[in-house]
Each structure stands twice: as C-alpha cells, then as structure tokens.
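In my numbering, the protein residues as written are 37 to 804.
Idealized CB from N, CA, C, for every residue including glycine.
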Amino acid sequence: MATLGDIGVAAAINILSAFVFFLAFAILRIQPINDRVYFSKWYLMGLRSSPSDSGAIVNKFVNLDFRSYLKFLKWMPAALRMPELELIDHAGLDSAVYLRIYLLGLKIFVPIAFLAFAILVPINWTNGTLQHSNMVFSSIDELSISNIPAGSERFWAHLVMAYVFTFWTCYMLQKEYATVESMRLLFLASEERAPDQFTVLVRNVPPDPDESVSEFVEHFFLVNHPDHYLTHQVVYDANKLSNLVEEKKKMQNWLDYFHLKYSRNISKKPSMKTGFLGLWGEEVDAIDFYTSKIDQLSKDIEAERGKIRNDPKSIMPVAFVSFKTRWGAAVCAQTQQSRNPTIWLTEWAPEPHDVYWRNLAIPFVSLTVRRLIISVAFFFLAFFFMIPILFVQSIANIEGIEKAAPFLTPMLEQTRFSFIKSFIQGFLPGIALKVFLIFLPTILMMMSKFEGFISLSALERRSATLYYLFIFVNLFLGSIITGTALQQLDIFIHQSANEIPITIGVSIPMKATFFITYIMVDGWAGIATEILRLKPLIIFQLKNFFLVKTEKDREEAMDPGSLGFNTGEPQIQFYFLLGLVYAVVTPILLPFIIVFFGLAYVVFRHQIINVYNQKYESAAAFWPDVHGRIIAALIVSQLLLMGLLSTKQAAQSTPFLIALPVLTIWFHIFCKGRYAPAFTAYPLQEAMMKDTLERARDPSLNLKEYLRNAYIHPIFKGDNDGIDTVAKDWKEESVLVPTKRHSQRNTPVPSKYSGSSSASLHEVVKFQ
C-alpha cells in the first residue's frame with residue numbers, strides 16, 4: 037500500500053517535471069525563431085511582426101537580452117490581466133466560458149476542502165480503528181472514512197457534510213448557469229451581423245417528379261413563408277472533389293519541397309523511390325514525378341467538377357434557406373414545417389466555419405442506423421479497452437511486479453531501493469493510463485463523424501460525451517473494481533441493481549492513492565506540457581526549414597490549435613467527479629484537484645490570449661452538457677456514499693441520504709426548464725429587437741447580396757481548384773462576409789494589450 041511518503045515522492049516528481057516544462061517554455065517563448073508558435077494568434081490578427089525581420093543575424097534566432105530570462109514567470113500575471121469582457125471580444129464567448137469551468141471548480145472545491153479538513157479529517161484521524169485491526173492500510177487510509185469503526189455515531193458528520201457539499205455545489209451551479217445564460221444572450225445581442233442569424237438548415241427535402249431540389253425548396257418557402265423568405269443555397273455532394281483537391285495540395289507541398297531542395301543545390305536533381313514512404317521501389321526524378329501526379333489530379337478534378345455540374349444526383353435533399361429578418365429565421369427554425377414531421381426538417385444553420393460539409397451528404401434516413409451502430413461499437417470499445425488498462429494497472433504496483441517477476445522481490449524489499457518503490461507506487465500507474473488513452477480521442481472523433489453530425493461544435497460535443505462515458509466506465513469504475521474485465525462483467529450481471537453501489541462504494545477509499553497519482557501526472561504535468569506546445573513547435577520548425585519560401589508559407593506553417601473541447605472538457609468533468617466522490621470519503625484528494633484547476637486556469641488563459649485560434653463560435657452552446665455532467669457526478673457520489681455507509685452498519689444515518697439524489701434531480705429539472713431554452717432557441721423578442729435596430733442603422737443593406745455566397749461549400753470558393761460555375765449564383769466573385777463571430781482573424785482592435793481599443797460588448801454592457 038502507498039503511504040504519504042510515496043505520495044510525497046510522486047508529488048515531488050510531478051512538481052519537478054512541471055517546473056522543468058514551465059522553465060523550458062519560458063526560455064523557448066522568448067526566442068525569436070519560436071515567436072510564431074507561442075504568439076500565433078497575434079500574427080493571425082496582424083498585430084505582431086516577426087522579430088527576424090530586422091537586426092543582427094544572431095538576433096533573428098536567439099534572444100541575447102539576458103534580463104528577459106530572469107522574468108521567466110512573467111507570463112502568469114500577464115495571462116490574468118485581461119478583463120473577461122475584453123477576453124470575449126478577443127477570443128470569443130466559447131473560450132471565455134470554457135475558462136469559467138475551471139473557475140467553477142475552484143469556487144466549488146476550495147470551500148468544500150476547507151470544511152472537509154476542518155471537520156472530517158480530524159474526525160477520521162482521531163479513530164484508531166485501522167491500527168487495532170489486522171487489515172493492511174496506509175497512512176492515507178487513516179485520514180479517510182475507512183478509519184471510522186462500523187456503527188459509529190461519527191458517520192452523522194459525514195452525512196451532514198454530504199448535504200452541505202451538495203447544497204453548496206448546487207448553489208454554485210445555479211449561479212453559474214444564470215451567469216452563462218446572461219452572457220450568451222448578451223453576446224448574441226451585441227454581436228455583429230452574421231449569415232447564421234438569417235439562415236436555417238433544411239434537411240430531408242422530399243423528392244418531386246416535376247421540379248429540381250432547388251426549385252422545390254424555393255416554391256415551398258415562397259408559399260409557406262411568403263413575407264420572410266429571401267434566398268436559398270442547395271448542398272452538393274462534393275466529398276470526392278474535396279478529397280481530390282486535398283490530395284493535390286499535398287502533392288504540391290512535396291513538389292515545393294523538392295523545388296526548394298533543388299534550388300539549394302542545382303548540381304544534383306532530387307530523386308525518390310516510388311514505394312511505400314519512399315523506402316523502396318523504382319527511383320525516379322522527384323520533381324518530374326510530382327509534376328505528373330499534379331497534372332493527373334488536375335484532370336480528375338476537372339472531370340469531377342463536370343460531374344457535379346451535370347449530374348442531378350449530386351444535389352442533396354438539403355438546403356440552406358435564408359430569410360429577410362432574424363425573426364423570420366427564428367420562426368422557421370423553431371417550428372414544424374409540414375404535417376409529416378419527418379420531412380422539411382429545420383434547425384438553425386451553424387455559422388459557415390462551423391459546418392462539417394462532409395456529413396451534409398449523408399442521407400438523413402441513415403442517421404438512426406449509424407447512431408445505433410456507433411452505440412454498439414462504443415460498448416465493445418469501452419469493454420475491451422478495459423482489459424489492457426487493468427493489465428497495466430495490475431503490474432503498475434509493487435505487488436503486481438513481484439507477482440509477474442518474483443526475482444525482483446528481494447531487491448524491491450530492500451530499504452535502499454525505497455525510492456524506486458515510491459516511484460512505482462506513486463508515478464507509474466498514472467503514466468501507464470496516460471499512454472493507453474493517447475489514441476482514444478481520435479477514435480471517438482471518427483465515431484462521432486460517422487454518426488452524421490453536421491457541425492464541428494456538435495461533433496466536439498458528441499465526442500466529449502463519448503470520452504466522458506469512456507473514462508467514467510474504464511478509468512473510474514474499472515479502476516475501483518478489482519479483477520479482470522470479464523470478472524467485472526460477471527459481477528454486474530449477477531448482482532442486483534441495489535448491490536452495485538455497495539460493491540463500488542467499498543472499493544472507493546482503497547483507490548484514493550491511485551487517483552491522486554493520476555491527477556498529478558495527467559493534471560499537473562499534463563497541463564505543463566500543454567503550454568510547452570512541443571509537437572507544434574517541432575512541426576513548425578521542420579516546415580519553416582524545408583517548405584517555407586514566402587511570408588504566406590510561413591503563416592500557413594503555423595498551427596495555433598484550439599481548445600480541444602472534445603478532450604479538455606471531459607478531463608475537467610472527471611476531476612469534478614473525483615472531487616465530489618472523495619470529498620466525504622477521502623478529503624486528502626481535494627488539494628490535488630484544487631491545484632489542477634488553478635494551474636489549468638492560468639495556462640489555458642495564456643493559450644487563449646496568445647495562441648489558440650478557435651475554428652468556430654457556438655456562443656457557449658456546450659454549457660448545458662457541462663452542467664448535466666456535474667449533476668450526474670453529484671448523483672453518483674451520493675449513491676456510492678450510500679453504498680459505502682450501508683457496509684459500515686450505519687443503519688440510522690444511511691436512510692437520510694436517500695433524499696439527496698431526489699433533491700439533486702429536482703434541482704437539475706428546475707435549471708433545465710429555467711435556463712436551458714436560451715441554449716437551444718432564439719427568443720422572438722430578441723430577434724425582433726435586433727432586426728428593428730438594424731433597419732434603423734442600415735436601411736440600405738442589400739441582405740441578399742450579403743448572404744449570396746455565405747453557405748457555398750468552401751471547395752467552390754477561394755483560390756483553389758474547386759472554383760466553378762456549378763450554379764448560376766456562383767458566376768460572380770464571392771462576396772467577403774463575416775462568417776465567424778469574435779473568434780478568428782476578426783478580433784476588434786485596438787486593445788490595451790495589443791496596442792489598440794474598442795469592444796462592442798463593453799458598449800452593450802455600459803448601455804444596459
């Protein structure tokens with residue numbers, strides 16, 4: 037069993053590794069050659085120029101100002117300095133609300149930890165139950181509920197604290213839900229005109245023998261929305277064309293690389309092998325090879341464009357329909373269009389950058405089947421993934437290693453190898469789990485795409501849900517219950533439903549050490565690696581050396597990244613789950629979670645301000661999911677506490693816990709009815725107010741021209757091979773329209789942090 041000393045060693049290792057990462061970041065971020073990696077957002081905004089443009093040759097690569105190295109933690113206060121309102125205008129509401137999840141963790145767990153250490157820890161520690169028993173225990177167990185004797189009156193303290201912690205969590209959740217709802221409505225009211233405010237996505241357009249899809253859509257909305265219909269854009273199946281254009285871009289990158297290589301050494305033309313990864317096959321002239329490849333792809337692209345232009349089957353039964361007013365769009369998006377509820381299905385169109393165009397070509401009737409397939413696939417993925425995780429955990433401790441390799445037992449038992457023993461107990465389990473979870477987000481995102489969601493934000497929210505379910509089943513339940521996956525399945529099949537919380541509850545205190553080490557590895561050291569951005573740094577430098585010829589190439593080589601909601605949010609929710617479950621059972625875990633929330637808040641605030649460039653803006657549409665998962669964690673913690681106390685012969689106090697899940701569910705229903713509509717519907721009153729203001733400010737606006745090309749597939753506009761006159765509206769050059777909210781390349785400037793000022797949201801707040 038791990039002791040406080042083992043935890044101390046693990047904490048020291050993780051603190052040291054986090055410090056090394058932060059120190060490396062502090063040094064790398066001030067080097068001119070890395071400026072575009074650590075301040076990429078400011079380059080995309082056009083507010084920062086490359087330090088390598090002037091000065092001595094050495095200064096282009098290395099920072100020779102040694103005083104700047106002494107201020108290696110300067111970035112932390114700088115990250116906290118920007119006010120939230122300006123942060124919203126700078127990076128968007130999604131980013132600001134995402135940061136509020138970390139703040140919510142601090143608001144919930146700091147007071148809970150104070151109460152737990154003031155009341156529960158002394159109550160647990162002053163018992164000698166474990167010391168006078170024959171059980172194997174650790175010093176951590178002496179601070180947990182395990183040290184309370186069966187039938188003790190002291191369990192009333194844990195019961196009262198369970199109520200206090202629940203009420204405090206619900207209070208903070210209600211306040212945060214109300215705040216985020218207000219922020220969302222204010223953001224939508226203050227944001228500039230955008231195509232998605234006037235546009236509805238129409239799916240499952242029924243076939244008509246006499247009219248094309250485009251004609252049928254136009255006639256339907258002219259008849260049923262005669263005063264508000266403006267224009268529409270049908271959706272073409274351009275997936276194959278997109279693949280061809282993407283392939284040509286890759287070939288062009290290789291051709292540019294070999295041209296650059298040849299320009300540096302014109303005495304020898306570059307060659308390559310045509311086999312897999314260039315490892316074998318016929319050796320050919322690289323420039324001629326890729327030139328011929330690009331020529332063939334150009335012909336294929338032209339043929340595919342002709343097919344899209346001439347084949348009616350290329351037109352999907354899907355259309356983006358735009359209206360003259362936001363009010364008209366809101367009415368259409370939020371009502372049933374036909375007596376048959378399975379056709380003419382309408383929903384708010386995602387903003388153009390948020391559309392996942394590939395899934396629009398999926399037949400609507402197949403979506404239910406696809407989601408059923410993914411549900412079954414996810415079950416087997418979660419089940420079979422438990423086998424390697426449990427195997428790694430079984431050998432990632434002293435007992436498991438001694439069993440697998442008995443010859444190491446004498447060495448591990450010797451005092452002089454105590455550091456190795458502490459390292460194995462306090463560090464190895466977390467590392468092992470981290471390794472096994474590396475490829476999981478990619479797998480889950482592929483599954484979400486297969487399900488057919490039509491926006492990037494919906495894909496990330498769905499992937500986040502799957503990821504959270506996975507780590508709940510495998511990481512939480514799978515780690516708590518001992519035995520193999522098959523044994524666990526057998527336990528759950530043959531046990532009655534009311535015995536499952538008891539089985540899990542008994543095991544919870546014994547796994548506190550494992551979760552503490554996991555928090556330190558995944559939370560502390562993991563967050564420190566996030567700010568270092570080692571992978572983007574290496575990729576940028578490789579591209580910069582081998583591919584970059586112009587300033588435009590250098591900008592395209594940057595990879596600012598984004599929040600990664602599909603992985604980051606489930607990770608946060610897992611820590612909420614651990615904190616709520618262990619707050620009453622083993623409070624010693626709470627400080628480790630608090631450190632994670634505080635550290636992550638500072639790191640991600642820095643990244644959002646200086647690095648990340650969000651792909652889309654959903655106006656915090658994900659918040660109901662965040663709220664729902666915290667509520668679920670709260671209910672799980674209550675049920676498991678009931679299961680644990682039922683084994684402690686606390687017959688008098690345990691029944692009083694039954695009310696907690698009931699009250700928590702009632703609270704969730706209240707919040708869902710009071711606040712959730714703001715995240716799914718757009719009030720007609722708000723729409724009318726905004727329309728009235730816009731007519732007064734810009735009475736000569738040509739809205740049809742503004743919306744003309746907003747929802748054309750990206751492959752058909754811009755400087756690429758997809759440009760074509762597939763429809764008559766595409767003959768004109770694309771009109772530049774703001775297709776994103778305050779999140780990408782349109783940050784209002786100036787700002788006092790970037791040398792400029794102005795923020796529309798400030799004005800709205802002041803006005804109100």
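Where residue 321 falls: helix, strand or coil (DSSP): strand
Assuming residue 266 is part of the alpha helix (DSSP H), what are its boundary residues? No alpha helix (DSSP H) holds residue 266; the beta strand (DSSP E) holding it covers 265-272.
Assigned exposure category for residue 156 - 16 Cβ within 10 Å defines buried: With 16 or more Cβ atoms within 10 Å of its Cβ, residue 156 is classed as buried.
Check: residue 343 C-beta below 8 Å from any heavy atom of the ligand MG: Among the components modelled here there is no ligand, and therefore nothing to report on the ligand MG.
Going by alpha carbons, who is nearest to residue 271 out of 288, 327, 350, 544? 350
Backbone CA spacing between residue 569 and residue 377 [nearest angstrom]: Here the C-alpha atom of residue 569 lies approximately 48 Å from the C-alpha atom of residue 377.
Grab me the residues of residue 48's own chain with a C-beta within less than 7 Å of its C-beta, minus the 5 sequence neighbours each way, in chain order. none
Please work out which residues of its chain come closer than 7 Å, Cβ to Cβ, to residue 662, disregarding the five sequence neighbours upstream and downstream, and give them in chain order. 137, 605
Kindly indicate the opening and closing residues of the alpha helix (DSSP H) around residue 223. 191-226
Counting beta carbon pairs with one atom in the segment 305-320 and one in the segment 388-406, are three or more of them shorter than 8 Å? They do not touch, by the three-pair rule.
Spatial neighbours of residue 717 within its chain, please: C-beta separation below 6 Å, excluding the five flanking residues on both sides. 370
Near residue 634, which residues of its chain fall below 7 Å by C-beta distance, leaving aside the five closest residues on each side in sequence? 142
State the Cα-Cα distance for the pair residue 781 and residue 547, rounded to the nearest angstrom. Because residue 781 sits at a pLDDT of 37, beneath the cut-off of 50, its placement in the model cannot be relied upon, and the following sentence gives the value as read from the coordinates. Rounded to the nearest whole angstrom, the C-alpha separation of residue 781 and residue 547 is 47 Å.
DSSP puts residue 384 in a beta bridge; with which residues? BP columns for residue 384 point to 236.
From the DSSP secondary-structure annotation, give me the bridge partner or partners of residue 308. 320
Where do the N-terminal and C-terminal ends of the alpha helix (DSSP H) with residue 377 fall, by residue? Run containing residue 377: none; DSSP gives neither H nor E here.
If we call anything under 9 Å between Cβ atoms a contact, is residue 477 one with residue 503? yes
Taking only the alpha-carbon atoms, compute the straight-line gap between residue 507 and residue 220 and give it to the nearest angstrom. Whole-angstrom Cα-Cα distance: 30 Å.
Could you give the distance in angstroms between the alpha-carbon of residue 124 and the alpha-carbon of residue 567? 21 Å
Under 8 Å, with one C-beta from each stretch per pair, do the segment 646-653 and the segment 669-682 reach the 3-pair mark? no
Exposure of residue 625, with buried meaning 16 or more beta-carbon neighbours within 10 Å: buried
From the DSSP secondary-structure annotation, give me the bridge partner or partners of residue 491. 391
Residues of its chain near residue 287, where Cβ-Cβ distance is below 6 Å and the 5 sequence neighbours each way are ignored: 326, 329, 330
For the pair the segment 475-490 and the segment 395-407, tell me if three or more CB-CB distances fall below 8 Å. yes
Let me confirm a value: residue 560 is counted as buried when at least 16 other C-beta atoms fall within 10 Å, else exposed. Which label applies? By the neighbour-count rule (16 or more Cβ atoms within 10 Å), residue 560 is buried.
Taking C-alpha atoms, which residue in 232, 343, 751 lies nearest to residue 654? 232
Rounded Cβ spacing between residue 230 and residue 387 (contact assumed at less than 8 Å): 6 Å between Cβ atoms; contact.
First and last residue of the alpha helix (DSSP H) that includes residue 725? 720-733
Do you know how far the Cα of residue 289 is from the Cα of residue 82? 25 Å
Short Cβ contact (9 Å threshold) for residue 361 with residue 734: no
Checking 9 Å against the spacing of the C-beta atoms, do residue 204 and residue 183 come in under that value? Going by C-beta atoms, residue 204 is not nearer than 9 Å to residue 183.
At the 9 Å Cβ level, is residue 511 part of the contact set with chain B, yes or no? Included in the structure is just one protein chain, with no chain B present.
Alpha carbon of residue 598 to alpha carbon of residue 710, nearest angstrom: A direct Cα-to-Cα measurement between residue 598 and residue 710 gives close to 31 Å.
Assigned secondary structure, residue 241 (DSSP; H/G/I helix, E/B strand, else coil): It is coil, neither helix nor strand.
Where residue 482 falls, given that 16 or more other Cβ within 10 Å makes a residue buried: exposed
Leaving out five residues before and five after residue 253 in sequence, what residues of the same chain have Cβ atoms less than 8 Å from its Cβ? The residues are 238, 241, 268, 270, 355, 357.
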